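Numbering (the numbering used here), first residue to last: 169 to 459. Note that the Cβ used here is the ideal one computed from N, Cα and C, for glycine as well. Being a predicted model, the structure only gives us computed values, none of them experimental. The structure under discussion appears below in the form of structure tokens.
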Amino acid sequence: MSELIGQLLFGLAIGAIYSLVAIGFSMIFRATGLLHFALPELMMMGGMVGYTLATRTMLPMPVLFVLSGLAVAILSYLIDLFGFRPMRKHGASLNMVIATIGWSIILVNVALFVWGTAPLSYPEQYAPKGHAFGGIIVVPQNLAMLGVGLAAMGALHLFFTRTVVGQALRATAENPVAAQLMGIRVERMMALTFLLSGFLAGGAGVMVASIVYANFDLGQIGIKAFAAAVLGGFGHVGGAMAGGLLLGLIETIGAFYVSSAFKDIIAYSLLILILLFRPEGIFGAGRTRPD
């Protein structure tokens with residue numbers, strides 16, 4: 169039982185990472201109608217930037233989260249500015265989806281060129297060994313990841329519900345045409361959506377890379393965030409939060425009772441089942457951007 173509790177804590181920590189990227193998927197989808205398949209690679213870039221900062225500065229994890237998140241937020245904004253916005257003006261939604269795949273390939277190759285092919289481990293201080301408390305193995309890194317993830321989600325909730333900009337962003341996501349008629353600068357709000365999603369993806373990349381490795385293929389983990397977004401209800405930000413945590417728990421429990429070799433099978437089987445039997449997700453259907 170004590171080992172299971174330790175695994176559940178790990179599942180929640182991984183789930184928090186999925187949630188952060190899933191929120192980005194949902195935010196962009198609601199605001200622009202775009203399936204941003206380059207988002208996992210933006211998460212990967214956050215992990216790589218975090219590795220460089222960690223090895224050269226030994227900054228605390230929360231600082232790495234913020235700095236890497238900011239770097240990826242800028243990158244995400246530039247991709248939107250030069251890659252998606254011109255297409256969006258012409259309503260080329262399918263072209264934009266194809267472009268996200270192109271950007272994901274570009275980002276992978278940039279990572280290969282800058283950091284090489286070898287997996288890069290963060291310094292040991294970022295992944296300390298577990299400590300036993302009453303028979304339960306508690307890994308401080310897992311608690312830190314869960315804490316940072318929940319804090320980021322809480323801050324995002326406050327931003328959306330308590331600030332004027334956050335409410336304008338929500339209005340844009342709900343109905344861009346009506347938001348524009350109300351005087352909201354829709355294009356600016358969409359740019360902010362890409363900034364926020366990039367920040368969350370970059371921060372998530374730091375957290376996952378610190379316990380696994382930093383490498384050009386790290387985005388494969390981020391793809392599970394897409395499954396989490398679908399699980400919660402694609403386009404539903406609150407559902408993305410819950411879907412990520414739930415997926416992390418299901419994946420970890422399955423690995424504990426069956427085998428860790430089946431973790432990916434469990435995650436993607438769940439995605440297929442949700443698409444087959446409840447395509448609107450557990451927490452209801454999210455809305456797409458009106459044409």
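Assigned secondary structure, Leu288 (DSSP; H/G/I helix, E/B strand, else coil): Correct three-state label for Leu288: strand.
Answer with buried or exposed for Val398, where buried requires no fewer than 16 other C-beta atoms within 10 angstroms of its C-beta. Buried, by the Cβ-count rule.
Please report how far the alpha carbon of Ile274 lies from the alpha carbon of Met213, in whole angstroms. Computed Cα separation, rounded: 11 Å.
Excluding the 5 residues flanking Ala408 on each side, which residues of the same chain have their C-beta closer than 6 Å to its C-beta? For Ala408, where only same-chain residues beyond five positions count, the Cβ hits under 6 Å are Ala190, Ile191, Ser194, Ala397, Gly400.
Taking the alpha carbon of Leu288 as the reference point, which residue from Val345, Met211, Tyr381 has its own alpha carbon closest? Comparing alpha-carbon positions, the option among Val345, Met211, Tyr381 lying closest to Leu288 turns out to be Tyr381.
Drop a sphere of 10 angstroms on the beta-carbon of Tyr294, count the other beta-carbons inside from all chains shown, and report buried for 16 or more, exposed for fewer. By the neighbour-count rule (16 or more Cβ atoms within 10 Å), Tyr294 is buried.
In angstroms with no decimal places, state the Cα-to-Cα distance between Pro254 and Phe362. Looking at the backbone, the Cα of Pro254 and that of Phe362 are separated by about 15 Å.
Could you please give me the residues that DSSP links to Gly382 through a beta bridge? In the sequence as displayed, the identity of residue 382 is Ala instead of Gly. BP columns for Ala382 point to Leu288.
Less than 8 Å between the beta carbons of Thr285 and Phe430, yes or no? No Cβ-Cβ contact shorter than 8 Å links Thr285 with Phe430.
Would you say Ala382 faces chain D, with C-beta separation under 8 Å as the test? Absent from the structure is chain D; it holds one protein chain and no more.
Cα separation between Gly237 and Leu368? Cα to Cα, Gly237 sits roughly 6 Å from Leu368.
Is Ala279 closer than 8 Å to Met216 when the C-beta atoms are compared? In contact: Met216 and Ala279 (Cβ atoms closer than 8 Å).
For Ala359, which of Met321, Leu243, Val276, Glu209 has the nearest alpha-carbon? It is Leu243 whose Cα lies nearest to the Cα of Ala359.
Start-to-end residues for the alpha helix (DSSP H) that takes in Val316: DSSP places Val316 in the uninterrupted alpha helix (DSSP H) bounded by 308-330.
Is it the case that the Cβ atoms of Ser365 and Ile247 are separated by a distance below 8 Å? No, the Cβ-Cβ distance between Ser365 and Ile247 is not below 8 Å.
Kindly indicate which three-state DSSP category Ala267 falls into: helix, strand or coil? Reduced to three states, the DSSP call for Ala267 is helix.
With three or more beta-carbon pairs closer than 8 Å as the criterion, would you say the region 178-187 touches the region 338-357? Judged by Cβ distances under 8 Å, the region 178-187 makes no contact with the region 338-357, as fewer than three pairs qualify.
In the DSSP assignment, find the alpha helix (DSSP H) that holds Asp248 and state where it starts and stops. Asp248: not part of any alpha helix (DSSP H); DSSP gives it neither H nor E.
Start-to-end residues for the alpha helix (DSSP H) that takes in Leu438: Residues 431-445.
Burial state of Leu314, where buried means 16 or more other Cβ atoms lie within 10 Å: Classification of Leu314: buried, given that the 10 Å Cβ count is 16 or more.
Between Leu413 and Ser272, how many whole angstroms is the CB-CB distance? I'm expecting something under 8 Å. Actually they are not in contact, since the Cβ atoms of Leu413 and Ser272 sit about 25 Å apart, beyond 8 Å.
Cut-off 7 Å between Cβ atoms - residues of its own chain near Ile434, not counting five sequence neighbours on either side: So the qualifying residues of the chain are Ile418, Glu419, Gly422.
Using DSSP with H/G/I as helix, E/B as strand and the rest coil, what is Leu360? Look at Leu360 here: in three-state DSSP terms it is helix.
Taking the C-alpha atoms as reference points, what is the distance between Thr340 and Ser261? Computed Cα separation, rounded: 17 Å.
In three-state DSSP terms, what is Arg338? Correct three-state label for Arg338: helix.
Ile389 versus Ala184: straight-line alpha-carbon distance, rounded: Distance between the alpha carbons of Ile389 and Ala184: 13 Å.
Are Pro208 and Val316 closer than 8 Å when you measure CB to CB? No. Outside cutoff.
Evaluate Met226 with the Cβ neighbour count: other Cβ atoms within 10 Å of its Cβ, from every protein chain shown; 16 or more gives buried, anything less gives exposed. With a threshold of 16 other beta carbon atoms within 10 Å, Met226 falls short and is exposed.
So Pro254 is in the alpha helix (DSSP H); what residue range does that whole segment cover? Under the DSSP assignment, Pro254 falls in the alpha helix (DSSP H) whose first and last residues are 253-257.
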